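As given, the protein sequences belong to chains Y and C, one line each in that order. Numbering of the first sequence is given in our numbering, commencing with residue 1 and proceeding in unit increments. Numbering of the second sequence is given in our numbering, commencing with residue 1001 and proceeding in unit increments.
2 protein chains.
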Amino acid sequence: MTTDTKILSALRAHPDGVSGAQLAGQLDISRAAIWARMEELRKVGYDIEASPHFGYKLVDSPDALHADDLLARLGKTRVVGRDIQVFEQTTSTNDVIEKLARDGVKEGAVVFAESQTRGRGRLGRKWISPTRKGLWFSVLLRPSVNPQETTQLTVASATALRRAIKTVTGLSAEIKWPNDLLLGGKKVAGILTEMSAEVDRVRHIILGIGVDVNQDANEFPAELRGIATSLKIEAGEAISRAGLATEMLRELDADYTRIGAGKFPQLADEWEAGCATIGKNVSVQMGARLIRGRAEALDDDGALLVRTEHGHLERVIGGDVTLEKR
Amino acid sequence: MTTDTKILSALRAHPDGVSGAQLAGQLDISRAAIWARMEELRKVGYDIEASPHFGYKLVDSPDALHADDLLARLGKTRVVGRDIQVFEQTTSTNDVIEKLARDGVKEGAVVFAESQTRGRGRLGRKWISPTRKGLWFSVLLRPSVNPQETTQLTVASATALRRAIKTVTGLSAEIKWPNDLLLGGKKVAGILTEMSAEVDRVRHIILGIGVDVNQDANEFPAELRGIATSLKIEAGEAISRAGLATEMLRELDADYTRIGAGKFPQLADEWEAGCATIGKNVSVQMGARLIRGRAEALDDDGALLVRTEHGHLERVIGGDVTLEKR
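Below, the structure is given as structure tokens:
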């Protein structure tokens, strides 16, 4: 934990203020050093008051993401968020963390970018990631699973993000299988699960997550306005990105722990309850093949079970799912 | 096609010799340029005779692998071997081709190394790759399949390598599911299939292939002598590595084309006929789980179907298979 993380943790733990002497004692550094760090934090946008009576007090935090602050807000987790890095701009946070993965970095590492020049979605699609308007981040995991079981992680990520959005904004997002979160039928977040694997053994998984947080309607490209939205638009107010990011990491950590403990079935139930796809008529484009039918449930691996018009149960692990209006 | 590839193709097409004038005409370069290239080829080990009557004649080829020569021997293929690179030494040919894959290189690229410092096998095991004693190479593929279907490629690679070994050495290798070739019960070749994928879509596959070709028995580390062998030991004579490499690439290309044309079932039949595993009692260690039973067949995705002692049919996609002596 860096000194800044410790200072920000202490400031957040004492909303009414904490004295320089107490901080210096806790962190085992001089009061002058504390004062110097406060100056640096102010420079990057933290509004920190200092008074003889109350000591240091955190009045406001900047909208920009800071790794030290995210770690301070997050506190202790089991896996996700053990290490956090924030970049001002990257091609794609998945690219950055892929490199870390190859260098042997431990699972749980998280990379945020304030903007991405080549953010990507599923099926090779582009993901637009404007500066400081959303959360664009990637999580490195190294579960002992085979490639078939990775759909579970996409499902669990969707439930985790949905819970975090509910906690922070009060909004109930709907899940569209397998990786989208919708508000009012419009996409507000997406998850791209990438893996490096042998045929029977996953080496690592990267969860790439994009959440449209603080865009106004006119900030979306014209072609997306009918199908995309932001939390700000739906909640009617700007949302703290750092607060939401922290909550998402906490919930991702909780769900990852649940999967490891064999509790995927409970997550699948939660997923189905929040799902816009189950019980609906859908068409699924899988490569050249089109499957039409009623989405019935998730199976144990997180695949979507679709009952076709001919009564046959199809196991859908991918492709493009469209809800039919019938 | 490089000039050297064209020259070597022409020399191989005319085993009794081809005139400098004819070569110069075919390649549209001067006879002096042809002469200069012949000098260069002699320097890297090609024994090329030149006589006024017969022109240039290829008498012998070096044991070292040369990309130009491999391309000349291979001739036209559909996918595999469209591009060939040979390195004197690499960490692992899979690492090299992984980088090419990320740079967007087309499928079918092949990378050979005369030795590997960190060759690897399945399940994170080390693969020993002594200089010029075997074939250590990797093939990049970009099939439109999902991660579940990649076992098909491992199966098809095994049939392809087996056919090539039969053609070049006359030896009938046995296949041990999913990725080993055995001679006299000892391992002579292995295939490591690695992929980069989304949950439902493979980005690329890398077939990493290791074949022990020209080692003598005393050249294997003591701990491997009882379980590993080379083609030279089994055939009783040294084998042309370039000839074998070319035949393997040709057969891999043929099998890859068959899979793309939906002919995996025929390959599965061929695989089963050459298999040391089917019909045998096996134990399979899958992570913490041990499955024991009789290996019955391959399914359509290339998974091994094992009938347990309790009559249940288990679908094995990975793990460590041991043939039981009962």
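Just so you know, even glycine gets a beta-carbon here, dropped at the ideal spot from N, CA and C. Computed from a predicted structure; not experimentally measured.
About 7 Å separates the beta carbons of L1192 (chain C) and N1094 (chain C), which is inside the 8 Å limit, making them a contact pair. Taking a Cβ-Cβ threshold of 9 Å, none of the residues of chain Y is close to N1281 (chain C); the smallest such distance is about 21 Å. Close CB contacts of K1186 (chain C) within its chain, under the 7 Å cut and outside five residues either way in sequence, are with I1227, A1228, T1229 (chain order). Here D69 (chain Y) is actually not in contact with T2 (chain Y); their C-beta atoms are around 10 Å apart, not less than 8 Å. In the pairwise beta carbon analysis, the stretch 106–126 of chain Y is classified as touching the stretch 75–90 of chain Y: at least three pairs are separated by under 8 Å. 8 Å or more divides the Cβ of L65 (chain Y) from the Cβ of R315 (chain Y). With a cutoff of 8 Å on beta-carbon distance, S1092 (chain C) and S196 (chain Y) are scored as not near each other. For the stretch 1165–1185 of chain C, the set of residues with a beta-carbon nearer than 8 Å to any beta-carbon of chain Y comprises P1178, in chain order. The beta-bridge partner set that DSSP reports for K1187 (chain C) consists of C:L1182, C:A1228.
What P1147 (chain C) touches in chain Y, judged by beta-carbon distance under 8 Å, is P147, Q148, T150, M195, A197, going in chain order. DSSP places L171 (chain Y) outside any beta strand (DSSP E), giving it a letter other than H or E. T1131 (chain C) has a beta carbon lying at 8 Å or more from every beta carbon in chain Y. Within the same chain, D212, V213, N214, Q215, E219, S230 come within 8 Å of K133 (chain Y) by CB-CB distance, once the 5 residues on both sides are set aside.
A1013 (chain C) sits exposed, since fewer than 16 C-beta atoms from the chains shown fall within 10 Å of its C-beta. When Cβ-Cβ separations below 8 Å define contact, G287 (chain Y) makes contact with chain C. Per DSSP, reduced to three states, the secondary structure at A268 (chain Y) is helical. Boundaries for E1114 (chain C): no alpha helix (DSSP H) harbours it, while the beta strand (DSSP E) harbouring it runs 1109–1116, taken from the DSSP string. Residues of chain Y whose Cβ lies closer than 7 Å to the Cβ of D1200 (chain C) are, in chain order, I317, G318, G319. If you look at T1257 (chain C), you'll find it in the alpha helix (DSSP H) that goes 1241–1260. Annotation: G1104 (chain C) to E1098 (chain C) spans about 10 Å, alpha carbon to alpha carbon.
In the DSSP assignment, N94 (chain Y) falls within the unbroken alpha helix (DSSP H) covering 93–102.
Interface flag for L1192 (chain C) against chain Y is set, since a Cβ pair is found closer than 8 Å.
Below 8 Å, too few C-beta pairs join the stretch 282–300 of chain Y and the stretch 1165–1180 of chain C to call them touching: fewer than three. K1176 (chain C) is classed as buried because its beta carbon has at least 16 other beta carbons within 10 Å across all chains shown. Taking 8 Å as the cut-off, the Cβ atoms of A36 (chain Y) and Q26 (chain Y) do not count as close. Residue pairing of M195 (chain Y) in beta bridges, as defined by DSSP: Y:I205, C:A1197. In the displayed model, V1155 (chain C) falls within a helix according to three-state DSSP. In this structure the stretch 135–150 of chain Y does not lie against the stretch 265–284 of chain Y, because fewer than three pairs of beta carbons, one per stretch, are closer than 8 Å. According to DSSP, S1030 (chain C) shares a beta bridge with no other residue. A Cβ-Cβ contact shorter than 8 Å links A1101 (chain C) with I1206 (chain C). For R142 (chain Y), not one C-beta of chain C is nearer than 8 Å to its own C-beta.
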